[in-house]
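In what follows, a structure is listed as structure tokens, so that the remarks can point back to it.
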Amino acid sequence: PVMLSLGFDYLSEYTLMTVTMVFGAFVGGSTIMGGSVVSFTVMTVVLGVDPPVARDFGLCIQSISLTAAAGFIYLVGIPVEKRVIKISVVPGALGLIIGSALMDDMTSKMRQVVFASVWLGLAIGFIAVVIRIQSNSNKHVPTDRSTIYTLAITSIVGGIITALYGNGI
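Take a look at the structure:
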């Protein structure tokens, strides 16, 4: 009923953002990177939205979609590595706090450059991991000290990226 009263003129005014969110949903649903990767980039570079607003928007849409995904995983009974989640929660929260403190010191252009650099690095790392997984039949994450430290450090970095860009953990 609300859409009918607004008319199609309202939709045409926000076409770019609508297409961005549809594309972001496909990226978020089909990769390890969330839809905020797409929305943050389009909002800051193409639409000229301030990075904090784009970050908050990304956090909002991801909190809804990832909560739905977690509920689906739980209800369907898909097995998860609970040890990884336990190891990652506290360092990820610490990273969020650190990233929130760093936010005010970064200019808009600096955030865009760091964002592009981080995601390029993650894309290269993702390709390397996929190649490595295809050659390895081990389906469980090892619990040696090295792996635990790697997970903790990665979670801190992910928390910082989440605080800055709305996407990271």
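Read in order, the letters of the sequence shown are residues 37 to 205 in the numbering used here.
All residues carry an ideal CB built from backbone N, CA and C; glycine is no exception.
| query | result |
| --- | --- |
| C-beta contact flag for Arg91 and Phe76 at 8 angstroms | yes |
| Nearest residue (CA-CA) to Ala104, options Val154, Gly64 and Asp140 | Gly64 |
| Nearest to Arg208 (by Cα), restricted to the options Asp140, Ala152 and Arg119 | With the chain represented from 37 up to 205, any question about residue 208 goes unanswered, as that position is not in the structure. |
| Local Cβ density within 10 Å of Ile160, reported as buried at 16 or more and exposed below that | exposed |
| Alpha helix (DSSP H) runs wholly inside the segment 84-128, at least 4 long, in chain order | 87-112 |
| Rounded straight-line distance, which links the Cα of Tyr201 to that of Thr190 | 16 angstroms |
| Three-state class that DSSP yields for Met142 in the structure shown | coil |
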